[in-house]
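To start, the structure itself, in structure tokens.
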Amino acid sequence: MPNRIVGHARPRISKKLTALALAAAVTAPAALAASASAHGLEGTQIPEQKLRKLETALLGPAHAADHAGNRRSLRSTARLGKTAAGRRRIAMAQRATKTRRVEGNPADVGQWGGPVKFIAEASGAVGINAVMLPTGKVLWFSYSTALGDKDVGRAVLWNPADQSFKVVPPPINPDTGAPVNIWCGGASLLANGHVLVTGGNVDNVVFDAKLAKGLNHVYTFNPFNEQWTRRENLAQGRWYPSQVLMPDGRTLIMEGLTADGNDTHNRDIEVFDPNAPLGQEISTIGTTAGNTPARYQGSPEYYPHLFWTPTGRIFVGGPAKDTFFFTNPMSSFGIGGFSATARGHTWGTGMLMPLQHDSASARVMQLGGMDLGAEGPSFKDANGKVNAISRRDADLYDER
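Numbering (this note's numbering), first residue to last: 1 to 400.
Rendered as structure tokens:
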């Protein structure tokens, strides 16, 4: 097989990191522990029951339940300081934090800065999608967190150098008359430093696969004049798609939910060509000359992990157990090299390990997430507990 797993084991719980998480939770601002700290309501005292109802209407029952669980956890940890046993746990967490400090020059090892004070306009857009720009600024975008705003997109530029913010709203969607809701679309840099955004959300901000619908819009953001440009539409909608830049400057786009609802995944493979005339940038692989379109072969997934490798292939490494390559992606987009990982990493992450200048192959690490194929998978309240992340928690793929 062209790729193999070289390391995997069951996760281990680190008591030291658990203590660190506890310290962070206990020292969280009091406003976060209050029942009103969510999506534009910070500082407003609203009874928990009323807040839950408002969040359910705006965000959907699943997302609202997550918020309620976070508030319960914060209130629980905040009560620790009121008892002797709780204070002992806090002291233990503080000692653990001290022992894990990295010694060295901040220029070499980095250092944490102070908290960033958000302006009111910026606080309405959370960093669901974020891109570091060649100008040194950070673009992030999401849905609007203001109560009553539905199907409205928000985008913000943050300049770390002077801690300043600038609101750069997405273009107006002619179907809604509001800034287009590109949250949870695909986002990546083009070779010229512009940001390519594909897909987004239609009609609602409810995370329910049977209700969610994908947008088929495509936009680019110019970081130098800080302007948006609409591009040719995708053939179908995409919500939670992935995309990867290829050496010839084109970008491969795959997966995401279509506009059909009912958890319908977009199986077609599309390519964005920045050198094509405006309005003609999108092509579907394999549809020319009557060919059958190339199709995504793995399990339906949100945000598949895509990596360009030194062998000239695109590795699709989960987050499901399925893995495969796009072979000859500069021309034929063949598909092969299937294998399966030891576990799935749904909602986890993946990264291409550092390459040497003469690297003939690549390694990709997958970590975190949830194995939906495990017996009786379920979400559980971690209550401030954090598992240590190490090679023992990860799947490591060697392209050789």
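The beta-carbon is built from N, C-alpha and C at its ideal position, and this holds for glycine as well.
| Asked | Found |
| --- | --- |
| Spatial neighbours of R52 in its chain, beta-carbon cut-off 7 angstroms, leaving aside the 5 residues before and after | A64 and A68 |
| Three CB pairs or more closer than 8 angstroms across the region 160 to 171 and the region 184 to 191 | no |
| C-alpha gap between K150 and V197, whole angstroms | 20 angstroms |
| Outcome for T83 when other beta-carbon atoms lying within 10 angstroms are tallied against a minimum of 16 | exposed |
| Counted within 10 angstroms of its Cβ, other Cβ atoms place S144 as buried (16 or more) or exposed | buried |
| 3-residue-minimum beta strand (DSSP E) runs that sit fully inside the region 156 to 186, ordered along the chain | 164 to 167 |
| Cβ pair count under 8 angstroms reaching 3, the region 232 to 244 against the region 254 to 273 | yes |
| V244 burial status per 10 Å Cβ neighbour count (16 or more: buried) | buried |
| Top-ranked residue by Cα proximity to Q366, from L355, Q356, A360 and M351 | M351 |
| Cβ pair M254, V316 closer than 9 angstroms | yes |
| 8 angstroms Cβ shell around E281 - same chain, five flanking residues per side excluded | V218, R231, E232, F272, D273 and P274 |
| S242, buried or exposed, once every other Cβ within 10 Å from all chains shown has been counted against 16 | buried |
| Sequence-distant residues of the same chain with beta carbon closer than 8 angstroms to A38, five excluded per side | With a pLDDT of only 39 at A38, under 50, the local geometry of the prediction cannot be trusted, and no value is derived from it. |
| Buried/exposed call for P304, threshold 16 Cβ in 10 Å | buried |
| Exposed unless 16 or more other CB atoms sit within 10 angstroms - verdict on T220 | buried |
| V420 in three-state terms, based on DSSP | Not covered by the structure: residue 420. The range shown for the chain is 1 to 400. |
| Nearest-angstrom Cβ-Cβ length linking I285 and E270, presumed shorter than 8 angstroms | 7 angstroms |
| Rounded C-alpha distance that separates F224 from W158 | 14 angstroms |
| Local Cβ density within 10 Å of T164, reported as buried at 16 or more and exposed below that | Residue 164 is actually Ser in this sequence, not Thr. Exposed, by the Cβ-count rule. |
| Exposure label - V408; buried when at least 16 CB within 10 Å | For the chain, the structure presents residues 1 to 400; residue 408 sits outside this window and is missing. |
| Under the three-state DSSP convention, the category L211 falls into | coil |
| Identified DSSP bridge partners for Y143 | G153 |
| CB contact flag (G200, G177, <9 angstroms) | no |
| C-alpha distance - S35 paired with K117, whole-angstrom precision | Note on S35: pLDDT 38, under 50, position unreliable in the model; no value is reported. |
| Inter-residue CB distance, V152 and P134 (contact presumed, cutoff 8 angstroms) | Contact doesn't hold; Cβ gap of about 28 angstroms is too wide. |
| Cβ neighbour criterion (16 or more within 10 Å) applied to N192 | exposed |
| Whole-Å CB distance - A259 paired with N216, under 8 angstroms assumed | 7 angstroms |
| Contact set for D203: own chain, Cβ-Cβ below 7 angstroms, skip 5 residues either direction | D151 and K213 |
| The beta strand (DSSP E) enclosing V109, as first and last residue numbers | First-last for V109: P106 to V109, but that is the alpha helix (DSSP H), not the beta strand (DSSP E). |
| Among M132, N105, D108 and T229, nearest to S188 - alpha-carbon criterion | M132 |
| Pick from G256, A276 and L252 that is closest to F307, judged by C-alpha positions | L252 |
| Sub-9 angstroms separation of G127 and W112 beta-carbons | no |
| Chain-order list of residues whose beta-carbon lies under 8 angstroms from that of E226 (same chain, five-residue window excluded) | L157, K166 and V168 |
| Selected residue, minimal CA-CA separation from A161, among D175, G136 and R154 | G136 |
| Alpha-carbon to alpha-carbon, A57 and A125 | 18 angstroms |
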